[in-house]
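J.: Handing you a structure now.
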Ligand code: GLY
Ligand code: MN
Ligand code: MN
């Protein structure tokens, strides 16, 4: 700490560590993974997936953090690098997990550790047939002789884009190009979007831990702190609650940085009068939280900051109130944009007929992103946003309002002529950006908001700086 003092976290931390140290997948029984494997394969003839690979920093021997590829984990529970999964065509239902052999020499083993025994992989995944990776290519060649004639074509193995480049090149003739045929990726996406109970339990837990960490960060916030110091509070709190990794790089943006949607440099010193936007979530047993809170660095919103905050809060509350099974999320997103548009009109930043403001889509200059996305093993857990909500979906609701300089300049475009009061706007640009993001689970009898970090403006003001 430049100031020489540390940030002490709340001694009365309300959570107890939940994750045991046995591994990320401790809470998931093998039947979860075997059930997922059985559900795959509707349109596929055969499936070959490469798990995540161990990587190093550029041309060095410095290890990067290993994170299993999400589909591979969903089908195996294996959190170990350089493995492969084979699923035969549905009628035979054969499944083989290929795992690395022990390091080439004791010197390697001393650095990397021994590869776990086959029983370890069997117990995690429920896959009976475990084979060394060295047998992968000959195994697939044999399968090609057995399966390909029935399929009537050389390429009969489905894979996903992430796996494609990690498969041995000798197998190229048998692989269906996932860019031309993404049946498997879509099938996995649909399966993963409907959460099972054990998945929901993880998502609730990681949201609770991440919500608490947001509160802890707010308590430690005051002008003069660097953004990365506040990031460290968030990370520290999550780690103390058993989450070693973040679901994505934390976004800790003060002042103008709050308007940069994926700002992750986190190097600026927070100034008196700034808002601080924090978009951060931990990962627990592979599942993500994705939460955003915005708070005044000195503990008191200016009238301008508070007005925008309340508009964003109203937009979020209206969307959440409208969520239910079969509801159209695109429609709810439009509703959020309308709430923000009307709010800016009420404040006098926008002027003229509301219908004209809608027609020229001026709100896209203040709210340039979608209302949310699926959340699960990946923070953006989807190919496309769910149009219709269904039981088991877990999605974010994250309206915002930003004063990003480049987009503010565009308000001078001819199409917006006469619709913006630049004098009034000038008073608000210092707000920077405000986003509020909660994670919602959709159930048969209603929705549940998994996020509990403080949000009401008075609560936020009371929380900020309360550590000091
Ligand atoms: N954290 C990125 C997002 O909210 O989508
Ligand atoms: Mn999000
Ligand atoms: Mn987010």
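Numbering (my numbering), first residue to last: -1 to 466. The C-beta atom is built at its ideal place from N, Cα and C for all residues, glycine as well.
Determine the direct distance from the alpha carbon of residue 343 to that of residue 517, and round the result to whole angstroms.
T.: Missing from the structure shown is residue 517; the chain here goes from -1 to 466 and no further.
J.: Is any non-hydrogen atom of ligand 1 found closer than 6 Å to the C-beta of residue 436, if you look at the structure I gave you?
T.: The residue labelled residue 436 in the question sits at position 438 within the chain shown. Checking the Cβ of residue 436 against ligand 1 gives no.
J.: Using the three-state DSSP reduction, which class does residue 410 fall into: helix, strand or coil?
T.: On the chain shown, position 412 is the one that residue 410 refers to. Correct three-state label for residue 410: coil.
J.: For residue 249, write down the residues that DSSP places opposite it in a beta bridge.
T.: Translated into positions along the chain shown, residue 249 becomes position 251. Partner(s): 277.
J.: How many angstroms separate the CA atom of residue 414 from the CA atom of residue 408?
T.: The residue you call residue 414 lines up with position 416 of the chain shown. The residue you call residue 408 lines up with position 410 of the chain shown. Distance between the alpha carbons of residue 414 and residue 408: 9 Å.
J.: For the beta strand (DSSP E) holding residue 449, just list the boundary residues, first then last.
T.: One-based indexing of the chain shown puts residue 449 at position 451. Unbroken run through residue 449: none, as it is neither H nor E.
J.: With 16 as the cutoff for other CB atoms within 10 Å, does residue 223 come out buried or exposed?
T.: Reading the chain shown from its first residue, position 225 is the one you call residue 223. By the neighbour-count rule (16 or more Cβ atoms within 10 Å), residue 223 is buried.
J.: Using a 10 Å radius around the Cβ and a threshold of 16 neighbouring Cβ atoms, would you call residue 290 buried or exposed?
T.: One-based indexing of the chain shown puts residue 290 at position 292. Counting Cβ neighbours within 10 Å, residue 290 comes out buried, since at least 16 surround it.
J.: Kindly list the residues whose CB is nearer than 6 Å to the CB of residue 300, restricted to its own chain and excluding five residues on each side of it in sequence; keep chain order.
T.: Translated into positions along the chain shown, residue 300 becomes position 302. Cβ within range, chain order: n/a, list empty.
J.: Grab me the residues of residue 112's own chain with a C-beta within less than 7 Å of its C-beta, minus the 5 sequence neighbours each way, in chain order.
T.: Here residue 112 refers to the residue found at position 114 when the chain shown is read from its first residue. 100.
J.: Let me check understanding here. Comparing Cα to Cα, which of 445, 255 and 190 lies closest to residue 375?
T.: On the chain shown, residue 375 is found 377 positions in, with the first residue counted as 1. Checking every option, the nearest Cα to that of residue 375 belongs to 190.
J.: In whole angstroms, what separates the C-alpha of residue 71 from that of residue 332?
T.: Stepping through the chain shown from its first residue, residue 71 is reached at position 73. Stepping through the chain shown from its first residue, residue 332 is reached at position 334. For residue 71 and residue 332, the distance between alpha carbons rounds to 35 Å.
J.: Ignore the nearest five residues each way along the sequence and tell me which others in residue 20's own chain have a CB closer than 6 Å to its CB.
T.: Taking the first residue of the chain shown as 1, we reach residue 20 at position 22. Legend: pLDDT at residue 20 = 37, less than 50; position of this residue unreliable, no value from coordinates given.
J.: Under the assumption that residue 370 contacts residue 257 (Cβ atoms under 8 Å), give the Cβ distance between them as a whole number of angstroms.
T.: The sequence position of residue 370 within the chain shown is 372, counting from 1. The sequence position of residue 257 within the chain shown is 259, counting from 1. With 8 Å as the limit, residue 370 and residue 257 do not qualify as a contact, their Cβ atoms being about 19 Å apart.
J.: How about residue 469: is its Cβ closer than 6 Å to a heavy atom in ligand 3?
T.: Residue 469 lies beyond the range of the chain shown here (-1 to 466); nothing can be said about it.
J.: Taking C-alpha atoms, which residue in 234, 355 and 335 lies nearest to residue 400?
T.: Here residue 400 refers to the residue found at position 402 when the chain shown is read from its first residue. Closest by alpha carbon: 335.
J.: Just to confirm before moving on: does the CB-CB distance between residue 60 and residue 216 stay below 7 Å?
T.: Locating residue 60 in the chain shown gives position 62, where the first residue counts as 1. Locating residue 216 in the chain shown gives position 218, where the first residue counts as 1. No.
J.: How would you label residue 420, buried or exposed, when you count the other beta carbons within 10 angstroms and need 16 or more for buried?
T.: The sequence position of residue 420 within the chain shown is 422, counting from 1. Its Cβ having fewer than 16 others within 10 Å, residue 420 is exposed.
J.: Just mark residue 385 as buried or exposed, buried being the case when its beta carbon has 16 or more other beta carbons within 10 Å.
T.: The sequence position of residue 385 within the chain shown is 387, counting from 1. Exposed is the call here.
J.: Shorter than 6 Å, the distance from the beta carbon of residue 167 to the closest heavy atom of ligand 2, or not?
T.: Here residue 167 refers to the residue found at position 169 of the chain shown. No.
J.: Using the Cβ count rule (16 or more neighbours within 10 Å means buried), how would you classify residue 241?
T.: Here residue 241 refers to the residue found at position 243 of the chain shown. Counting Cβ neighbours within 10 Å, residue 241 comes out buried, since at least 16 surround it.
J.: For residue 288, count the other beta carbons within 10 Å of its own beta carbon; 16 or more makes it buried, fewer makes it exposed. Which is it?
T.: Working through the chain shown from its first residue, we reach residue 288 at position 290. It is buried - the Cβ of residue 288 has at least 16 other Cβ atoms within 10 Å.
J.: Just the C-alpha distance for residue 464 and residue 265, rounded to the nearest angstrom, thanks.
T.: The residue you call residue 464 lines up with position 466 of the chain shown. The residue you call residue 265 lines up with position 267 of the chain shown. Near 23 Å, if we compare the C-alpha coordinates of residue 265 and residue 464.
J.: Within its chain, find whatever has a CB closer than 6 Å to the CB of residue 477; leave out the 5 residues flanking it on each side and keep chain order.
T.: Any answer about residue 477 is impossible in this case: the structure gives the chain only from -1 up to 466.
J.: Counting only beta-carbon atoms, is residue 399 nearer than 7 Å to chain D?
T.: Although the question refers to chain D, the structure presented lacks it and comprises just one protein chain.
J.: When the Cα atoms are used, what is the spatial distance from residue 440 to residue 199?
T.: As a first step, residue 440 is located in the chain shown; it is residue number 442 there, counting from the start. As a first step, residue 199 is located in the chain shown; it is residue number 201 there, counting from the start. Between residue 440 and residue 199, the C-alpha separation is close to 13 Å.
J.: Pull up the distance between the alpha-carbon of residue 220 and that of residue 268, whole angstroms please.
T.: Stepping through the chain shown from its first residue, residue 220 is reached at position 222. Stepping through the chain shown from its first residue, residue 268 is reached at position 270. Cα to Cα, residue 220 sits roughly 8 Å from residue 268.
J.: Report the rounded CA-to-CA distance for residue 466 versus residue 297, giving the unit in angstroms.
T.: Stepping through the chain shown from its first residue, residue 466 is reached at position 468. Stepping through the chain shown from its first residue, residue 297 is reached at position 299. Looking at the two C-alpha atoms, the distance is approximately 12 Å.
J.: Within 8 Å, do at least three Cβ pairs link the region 302 to 319 to the region 88 to 95?
T.: Taking 8 Å as the limit for Cβ pairs, the verdict is that the region 302 to 319 does not touch the region 88 to 95.
J.: Hey, out of 388, 425 and 397, whose CA is closest to residue 445's CA?
T.: For the purposes of this step, residue 445 is identified with residue 447 of the chain shown, where counting begins at 1. Out of 388, 425 and 397, 388 has the C-alpha closest to the C-alpha of residue 445.
J.: Ends of the beta strand (DSSP E) at residue 46?
T.: Here residue 46 is taken as the residue at index 48 of the chain shown, counted from 1. Run containing residue 46: 44 to 48, per the beta strand (DSSP E) assignment.
J.: Three-state secondary structure (DSSP) at residue 435?
T.: For the purposes of this step, residue 435 is identified with residue 437 of the chain shown, where counting begins at 1. Three-state result, residue 435: strand.
J.: Where do the ends of the alpha helix (DSSP H) carrying residue 236 lie?
T.: Numbered from 1 along the chain shown, position 238 holds the residue referred to as residue 236. It spans 225 to 238 - the alpha helix (DSSP H) in which residue 236 sits, taken as one unbroken run.
J.: What separation, rounded to the nearest whole angstrom, lies between the Cα atoms of residue 106 and residue 32?
T.: Taking the chain shown and counting its residues from 1, one reaches residue 106 at position 108. Taking the chain shown and counting its residues from 1, one reaches residue 32 at position 34. If you take the alpha carbons of residue 106 and residue 32, they lie about 33 Å apart.
J.: Using DSSP with H/G/I as helix, E/B as strand and the rest coil, what is residue 84?
T.: By 1-based counting over the chain shown, the position of residue 84 is 86. Three-state result, residue 84: strand.
J.: Does the Cβ of residue 277 lie closer than 6 Å to at least one heavy atom of ligand 1?
T.: Counting from 1 along the chain shown, the entry for residue 277 is found at position 279. Under cutoff, so the answer is yes.
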